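Right, one structure below, let's go through it.
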Amino acid sequence: MESVDIKLENLVKTYMHQIKGRIAAVNGVSLTVEPGELLTLLGPSGCGKTTTMRMLAGFEEPDSGKVFIGSEDVTSQMANQRDIGFVFQNYALFPHLSVYENVAYGLKVRGYVKRDIKDRIVEALALVKLDGYEEQFPHQMSGGEQQRVALARAVVIKPKVLLLDEPLSNLDAKLRISTRGEIRNLQKSLSISTLYVTHDQEEAMAISDRIIVMDHGDIIQIGTAEELYYNPQTEFVAKFIGAINAVPAKIVSRGTESAVVEIEGKQFSVSNVTKKVRTGDNVDVLLRPEAIRLNEADSGTEITATVAERSFLGDRVDYTVESNSFRIKVSLYDSFGQLTFKCNQKVGVILDEKRMKILER
Amino acid sequence: MSVIAAKSKKTDTLSNLVRDPALFISVIVVWAFLGLFVLFPIIKILIITFTEGGHFNLSGFIKILSKKYTMIAGWNSILLGALVGLCGTALGFFFAFTSVRANLPKWWSRLLDWAIILPLISPPFTMAITVIFSFGPRGLITHSLLGMDQFNVYGMWSTLFAETITYFPISYITLKGILGGIDPTVEDMAFSLGSSRWDVFRKVTLPLSTAGLANSFLLLFAASLADFATPLILAGNSFPLLPTEAFLQITGLFDMKGGSVLSFILLIPSLAVFFLQRYWVGRRNLVTITGKSGSQTKFKSVGNKTRYLFLSVCLLTVIFILYFYILLLFASLIKAFGADNTFTLTHYKVIFTRGRDVIKDTLIISISGMLLGGLYGVVVGYITAKKKFLSRRLMEIIAMVNYALPGTIVGIAYLITFNKSPFLLTGTALIIIICNVAKYGAYGIRSTVAILQQIHPGIEEASLSLGASSIYTFRRITVPLVLPGLFSGLGIVFIRSMTAISAAIFLVSLNWNLITVSILENMTELHLGVSAAFSVFVVVVVFAVITGISFCLKLLRQPGAMRMTSLFGA
């Protein structure tokens, strides 16, 4: 089947809140999912990502705005007319039906004959590696298995659109990682246009073609994982995607697209400065923990600081270091003990100016 | 924008009605039913109370209100209600605490549950009858055992006693849920901070149960206020109460106005309690189910000595309750209670020959009521819990009104409303059936709503997302899952139809009579043996039905479907 695109145009949904009055859950969201693409809505709880997806599914009626699947305007259609596959956070398996009957449900609704139903279920269950589970009931299965039944049930009808609402949040950490890989492979092999909702940035980065970061009902930034990580447009995105440090600095000179900043008496040249900052402004310099290195503070050219906290995480060691003007996180990927520092040890802090981003204060 | 949004919200609920024809028809039918059989009769009572010859006139109302007897009856009703509320809640809490906190062996708590369920499923005046058998002029205890001839059983104390024993199970069920809902780790925490058992009880357990206690008090208060049969048998002339006075006004004096006025007076505290219970206490439950309560810790709040003390008191009460039922059975199997203790089956012969029509009538009425009431409960429960439409909240409230009102009021209201065309229903079985459906169908609504709340909304959405229509979803997903709710709803409507009397007594006729009414008639005519035999028959039938339904529930329970924990889940 040919993949189609999905378009949301200016969707608005408001709710009555008992204390705050009328609030916008989704505040004029427009987006496009390209044919065969996996697009993720990422944001903290209450940011409007689930409501947006539910409007696309037809579970919620938008106050205004339009929903297109392919070239068809489906805004006024009910969920059962939209040809979607939906995977719920709690899987929403039918508790009184066996795995076979759960997966068969959508096919029966569509009037398939028994023979075809059987063939497609066998195929779908093989796809999610659940062959042989046909007669089991949901309550007899583990969370991961239930999750895969939900997935099989959603894709067996070969929908135009696949919608996944935090599908991994009820699984334990290890299973989450393996399952997300399986979901991605399945989605790619079926080439279904997919919208994925999660609040887990790592999951979003691992699985998506593109990510949309949402907050308070608005889209904050759209981009690939790399774009969001290396080039966040706001502090919110920077903080939400990965860990980040905000180091206080002062602009000492300003070029057209560059600036020189001073941190603790040391100067750094930052390129790609788009913000309206002027010489003399106090700013925050954003820097990822892995863009910082530490040494023994012997050369005298580094900023000196003290190790306040240290956590050994196997593949890396995370430090919190403090100086007169900042307290930052540093991740050192060197777990073979070459470079380790103790708490309260004096260290030199080396900042990578190529990775600095300037933020107005 | 907010204006547009507000508008769209309103049109949302309206457009749902237009878009979904099945919903539209259900809403119309339910409203027609509620309008005709809930609102119209109450309005009729108000009209009769406050008008004279078609005009608004308070003089008749004031005249009856200012009668000394009315005042006394009103005061007595409230006093008795409060006392039953207090005593029943205390006894219920004691039982619930023992059952939940004393680490009983399983069979022990089973025994408690079964003994306690007896008063709940018996005709409401069974206890009153056995009190007469025990403490009456020819009573087993007062006359035969203690040789007292002048003992007067009638009055407030015996009524209080019978009502407390009859209704404390309601309190037990309510409080058992509350106490069981307190995470034992909360009490463990208090122990770990150095509290004694008494301190834990006083400062943790009791405060956490306050809302439950208040709720139980109100439920019992309402039950006592509504109770009609117990005072009719036990209260006597010296202790008039509102429901019995209203009954006597109508059946004794054929004074519809007097009956209406007394009903209206009774209506006020009943509605007050209903709304208080629903909108105030109901929302103040401190036991919130948050976080994970996977801990397997045992309750340590009852010491060993206290435990045995509690157990003995409970056991004694249970023995007492069982004694009453054995006495009932005994009375049904002897020639003349208090005079001739020769074994006989005559009374059973009587109920199965002369009483055959009554039994047949009762079963026909109860079974039709059960089927209609079950359907009504599921439809109203489903649309009010799951669908969004204009007037949904109002429907929710109105559907509960007849359930909340004392049966006496409902009975009188039906009597005065449906005695002339175009709504001439007096003398038919239909009027009794409808009365039961409108009153006890509420149990079906509640059990449907309870089970629907356990079904995650995602499950129905999942069905929709797979392309199923809302009717297909309802048939294939919702119905199989709410079936246990439907069955327990059916069971309760049947039981209540079999045992109720307070409304039905105004609606029975020569053509259609009920067992409960016959029991009462036989009591007043001093055919104690026949009364007892009828009562035993009702208890046995009800027990059989409960067992049958529990069996069906087990059989019908879909794999993985929710369990309906109790037929009488509070």
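Going down the list, the protein sequences come from chains A and B.
Just so it is clear: in the first sequence, position 209 is 226 by my numbering, and no numbers are missing.
Just so it is clear: in the second sequence, position 429 is 432 by my numbering, and no numbers are missing.
We put the beta carbon where it would ideally sit given N, CA and C, even for glycine.
Nothing here was measured: the structure is a model prediction, and the numbers come from that model.
Contacts of residue i in chain A (Cβ-Cβ under 9 Å)
| i | result |
| --- | --- |
| B:S472 | M95, N97, V126 |
| B:L484 | F111, P112, H113 |
| B:H459 | F105, N107, A109 |
Those residues which DSSP pairs with residue i across a bridge
| i | result |
| --- | --- |
| A:M231 | A:I236 |
| A:Q284 | A:E279 |
| A:D335 | A:S328, A:S348 |
| A:N312 | A:G365 |
| A:L395 | Because residue 395 of chain A is not part of the residues shown, which for chain A are 18 to 378, the question remains open. |
| B:A85 | DSSP lists no partner for B:A85. |
| B:H58 | B:E55 |
| B:D343 | B:A339 |
| A:E274 | According to DSSP, A:E274 bridges with nothing at all. |
Residue span of the beta strand (DSSP E) that contains residue i, given as start and end
| i | result |
| --- | --- |
| A:E26 | 23-34 |
| A:A263 | 262-271 |
| A:R344 | 344-349 |
| A:I101 | 101-104 |
| A:S81 | 81-86 |
| A:N299 | 299-304 |
First through last residue of the alpha helix (DSSP H) which encompasses residue i
| i | result |
| --- | --- |
| B:A432 | 432-457 |
| B:L310 | Going by the sequence as given, residue 310 of chain B is Arg instead of Leu. B:R310 -> alpha helix (DSSP H) spans 307-335. |
| B:N525 | 518-527 |
| A:A42 | From DSSP, A:A42 is part of no alpha helix (DSSP H) but of the beta strand (DSSP E) over 38-50. |
| B:K389 | 359-389 |
| B:P460 | 460-468 |
| A:Y122 | 116-126 |
| B:N240 | Run containing B:N240: none; DSSP gives neither H nor E here. |
Interface partners of residue i on chain A, CB under 7 Å
| i | result |
| --- | --- |
| B:A465 | F103, F105, A109 |
| B:H530 | Here the premise fails: no neighbours, minimum Cβ distance about 51 Å. |
| B:I462 | A109, F111 |
| B:I386 | Chain A residues near B:I386: none, gap ~18 Å exceeds 7 Å. |
| B:I480 | F111 |
Exposure label - residue i; buried when at least 16 CB within 10 Å
| i | result |
| --- | --- |
| B:H58 | exposed |
| A:S342 | exposed |
| B:P44 | buried |
| A:D148 | exposed |
| A:E77 | buried |
| B:V21 | exposed |
| B:F98 | buried |
| B:N525 | buried |
| B:H350 | buried |
| B:L427 | exposed |
| A:Q164 | buried |
| B:D230 | buried |
| A:Y350 | exposed |
| A:D301 | buried |
| A:H34 | exposed |
| A:R344 | exposed |
| B:I322 | exposed |
| B:L510 | buried |
| A:K66 | buried |
| B:F64 | buried |
| B:G377 | buried |
| B:L289 | Residue placement at B:L289 is flagged as unreliable, the pLDDT there being 48, under the threshold of 50; the coordinate-derived value follows with that caveat. By the 10 Å Cβ count, B:L289 comes out exposed. |
| B:C3 | Outside the displayed range of chain B (4 to 573) lies residue 3 of chain B, so it cannot be described from this structure. |
| A:F329 | exposed |
| A:D232 | buried |
Residues that residue i contacts on chain B, provided the C-beta gap is smaller than 7 Å
| i | result |
| --- | --- |
| A:G123 | L469, G470 |
| A:A74 | S468 |
Listed by chain order, chain A residues near residue i by CB distance under 8 Å
| i | result |
| --- | --- |
| B:Y475 | V126 |
Chain-ordered chain B contacts of residue i [CB-CB under 9 Å]
| i | result |
| --- | --- |
| A:I174 | L469, G470 |
heavy atom of the ligand GDP below 7 Å from residue i C-beta
| i | result |
| --- | --- |
| A:A242 | This structure lacks the ligand GDP; in fact it carries no ligand of any kind. |
For the stretch 528-555 of chain B, which segments carrying the beta strand (DSSP E) assignment without a break, of at least 3 residues, lie completely within its bounds, in sequence order? Counting only unbroken stretches of 3 or more residues, no beta strand (DSSP E) element lies wholly within the stretch 528-555 of chain B.
Could I get the ranges of all uninterrupted beta strand (DSSP E) runs contained in the stretch 143-202 of chain A, with 3 residues as the minimum, in chain order? Entirely contained in the stretch 143-202 of chain A, the beta strand (DSSP E) runs reaching 3 residues are, in chain order, 178-182.
Could you tell me which uninterrupted beta strand (DSSP E) segments, each at least 3 residues in length, are contained entirely in the stretch 80-164 of chain B, listed from first to last along the chain? Counting whole runs of 3 or more residues, the stretch 80-164 of chain B contains no beta strand (DSSP E) stretch at all.
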